[in-house]
Amino acid sequence: MTTDPGHWVALARSADLGAKPLRVMWEGEPLVLFRSAKGVAALTDRCPHRFVELSKGKVVEGEIECPYHGWRFGGDGACTAIPGLCEALPPLRVRRFRAVEHEGAIFVASGTPEGQPYSHCLAGQKIVTRVVRSSTRSTLIDAAENILDATHTHFTHKGVLRGLSAKRYRVKVEVTGGPGWVEASYEGEEEQHGLISKLLEGARMKTVGRFLAPGIAELEYWGPKGMVLATSFHLRQADADTVEGVGWLAGPHQGGLGHLKALFFKPLFRVALEQDRRVLASARANAVPGQKPVIGPLDFLRRDIAKILDGEMPTAAAAPRVHYIEL
Ligand code: FES
Ligand SMILES: [Fe+2]
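Right under this line is the structure:
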């Protein structure tokens, strides 16, 4: 695995994992998630006996039972039963991953990260959240950049996010960064001309788009009284052609009004997500292996996201940048 072992990665929503085991892909490796006696467990989804998918079996007394010969494995990966065997069990095991359930999602680590997983930028406040998931034919860098890219919204999301009117604003973009993160802060756009903003926001003060290692793309919308809306998408390369994500849509509670807004926001968000899935899938299918994409003058975060994914310090950490664009 190339993912930094020091990070938690969100692999599924809590709601996706019931009594049945769940197979999830993580950088080409299949994992089985299930609810063990000691909480959520994550093992390599491959029985060591004949390589059958353990996720095709069932959970019995908090252990996973292979559908072929019934071998069982506990949440720690140790084999606990070989049906028919009259002697002592040989010491067999499946690789296990640290797993934890947090803020409505299941996080897994390939190493031993410190502390609780990071979920979203409004965690710990009085907020309304919705947890969503997505799957897109793309690469991690293309999908993360897409979420953080302001200039595509006039076209890909015409009417939904921007483009209801042809009016553009002169916007100041400040790009800053540090170890494992880079962000662009947009100021000067008084209002975003799209349905989502009409429903959800008043005056716009600033918008922040941020990338965090190992694959989190988050957007913050700030009004005069503070943050009005945030989306944090945790992306991972599931296999060579597929990016999967678990995302939080979060907003202030506002004495119940937040719930009402969340109700409207989620379906509109789904529309925008579908529009992005379409362009990303088209780009992936049409890309020529070995041909590098042009990094345009408005692609402020692309190079730094690439650096972070390579485990390097983003350029913006030592050299913050300011740009002016029409948005
Ligand atoms: S293949 Fe799993 S028990 Fe035989
Ligand atoms: Fe988009």
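With the numbering used here, the residue at position 209 of the sequence shown is 1200, and numbering never jumps. Virtual Cβ for every residue (Gly too), placed ideally from N, Cα, C.
In the structure shown, what three-state DSSP assignment does residue i receive?
i: I1299; result: helix
i: E1056; result: strand
i: D1290; result: coil
i: I1207; result: strand
i: M992; result: With a pLDDT of only 43 at M992, under the threshold of 50, the placement of this residue in the model should not be trusted; the figure read from the coordinates follows. Here M992 sits in coil by DSSP.
i: D1007; result: helix
i: I1118; result: strand
i: V1262; result: helix
i: A1278; result: coil
i: R1269; result: helix
i: L1080; result: coil
i: F1202; result: strand
i: K1257; result: helix
i: G1068; result: coil
i: G1061; result: coil
Regarding residue i and ligand 1, is the C-beta to nearest heavy atom distance less than 8 Å?
i: Y1212; result: no
i: Y1059; result: yes
i: F1042; result: yes
i: W1172; result: no
i: W999; result: no
i: C1038; result: yes
i: W1239; result: no
i: W1017; result: no
Would you mind reading off the limits of the alpha helix (DSSP H) that contains residue i?
i: T1144; result: 1144-1147
i: T1306; result: 1306-1309
i: A1033; result: Unbroken run through A1033 is the beta strand (DSSP E), 1030-1035; no alpha helix (DSSP H).
i: I1132; result: 1131-1139
At a threshold of 8 Å, does residue i count as lining ligand 2 (C-beta to nearest heavy atom)?
i: A1263; result: yes
i: H1143; result: yes
i: D1133; result: no
i: Q1245; result: no
i: I1296; result: no
i: D1267; result: yes
i: D1140; result: yes
i: H1148; result: yes
i: N1277; result: no
State the start and end residues of the unbroken beta strand (DSSP E) segment that holds residue i.
i: L1013; result: 1013-1017
i: G1106; result: It is not in any beta strand (DSSP E) - G1106 carries neither H nor E in the DSSP assignment.
i: I1097; result: 1096-1100
i: E1044; result: Where E1044 is concerned, there is no enclosing beta strand (DSSP E), given that its DSSP letter is neither H nor E.
i: L1113; result: That residue, L1113, is in no beta strand (DSSP E); it is neither H nor E in DSSP.
i: H1314; result: 1312-1317
i: Y1177; result: 1172-1178
i: M1218; result: 1217-1230
i: P1243; result: 1233-1243
i: R1089; result: 1087-1093
i: K1283; result: First-last for K1283: undefined, no H or E at that position.
i: K1163; result: 1161-1169
i: K1158; result: From DSSP, K1158 is part of no beta strand (DSSP E); its letter is neither H nor E.
i: P1021; result: 1020-1027
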